[in-house]
Amino acid sequence: MPKITDTVTTPDGSCPVRLFTPEGPGPWPGVVMYPDAGGVRDTFDEMAAKLAGFGYAVLLPDVYYRDGDWAPFDMATVFGDEQERDRLFSMIGALTADKISSDAAVFFDYLAGRPEVTGEGFGVCGYCMGGRMSVMVAGRQPDRVAAAASFHGGGLVTDRADSPHLLADRMSATVYVGGAENDASFTADDAEQLDKALTAAGVAHTIEWYPAAHGFAVPDNPPYDAAAAERHWAAMTDLFASALPR
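In my numbering, the protein residues as written are 18 to 263.
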């Protein structure tokens, strides 16, 4: 798939981005893909390119750009290495709701200005940490997000004031949540609370369980599950085909 490497200017600096498109003249609906806690790396280039192959212009941003030229994480060992785990959690913790939202506005502006992209309503998708970001952005940028997908996303329901489920009444997107079974970061109780919030707000949504572990959709994660990953591609492309303007 064609790939454009670029930077966008945010209120906090310059964010490297990669834009993946199908072959051909376009234009195509735009999607922002949020990575998991490990950040942008080769496996997400491959995933963004695969999504582009279904007929989308996919923007993959370096969500950790405020940390400069940060060293990549080894997803097979990071959680067992205390120093690396602390570094990872510090970088995750620095991504506040306000920063995520302000960055998203810039990403959408960038997509809107690209000749490869059609429409003013965009898709967002994300994994793990990125799944939470997708749902949060759907609530904080409701005029820009037409469809939001979260896969093995954690922290969708918390007791914090910035919990994504509390934004349900601001959402206009169609929302899809694919949870991993036996995932402490998104439990059956969390799913019930999220479902109630989205239903009460009149948000079109689907919450489904995958018989796989947290991280099932990302190939370089140890819990990667090929069958669950294929199911997630089908669910996401069905969502975007029905909810994104063309």
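C-beta atoms are modelled at their ideal positions from N, C-alpha and C, and glycine is treated no differently.
Quick check: residue i and residue j, are their CB atoms within less than 9 Å of each other?
| i | j | result |
| --- | --- | --- |
| R161 | P44 | no |
| L77 | F61 | yes |
| L211 | L256 | no |
| P240 | M64 | no |
| M3 | L184 | Outside the displayed span of the chain (18 to 263) sits residue 3, for which this structure offers no information. |
| A205 | F233 | no |
| A252 | V192 | no |
| D53 | R35 | no |
| H169 | F125 | no |
Near residue i, which residues of its chain fall below 7 Å by C-beta distance, leaving aside the five closest residues on each side in sequence?
| i | result |
| --- | --- |
| A129 | E137 |
| D84 | M108 |
| A122 | Q158 |
Classify residue i: buried if its beta carbon has 16 or more other beta carbons within 10 angstroms, exposed otherwise.
| i | result |
| --- | --- |
| D186 | exposed |
| N238 | buried |
| D207 | buried |
| G110 | exposed |
| A88 | exposed |
| D310 | Outside the shown range of the chain (18 to 263) lies residue 310, about which nothing can therefore be said. |
| Q158 | buried |
Judging by CA-CA distance, which residue of the options is the nearest neighbour of residue i?
| i | options | result |
| --- | --- | --- |
| P228 | A244, N238, G219, K213 | A244 |
| Y148 | R177, V49, D126, T254 | Looking at the sequence provided, one finds Gly at residue 148 rather than Tyr. It is V49. |
| T216 | A121, A190, I109 | A190 |
| S118 | D86, D179, S259, R104 | D179 |
| S259 | T24, A165, Y82 | A165 |
| I21 | T27, G56, A69, K213 | A69 |
| G56 | G72, P42, Y82 | Y82 |
| G219 | R58, H231, M188 | M188 |
| V194 | R58, L112, R248 | R248 |
Since I believe residue j is in contact with residue i (beta carbons under 8 Å), could you give me their beta-carbon distance rounded to a whole number of angstroms?
| i | j | result |
| --- | --- | --- |
| C142 | G171 | Not confirmed; about 15 Å, so no contact. |
| C32 | D79 | 6 Å |
Suppose the cutoff is 6 Å on Cβ atoms and the five residues either side in sequence are ignored; what does the same chain contact list for residue i look like?
| i | result |
| --- | --- |
| A66 | M18, F37 |
| V134 | P44, G47, A74, L128 |
| W226 | G196, E198 |
| M150 | Y51, I117, G143 |
So, for residue i: in the same chain, excluding its five sequence neighbours on each side, which residues have a beta-carbon less than 8 Å away from its beta-carbon?
| i | result |
| --- | --- |
| E40 | M18, P19 |
| G97 | none |
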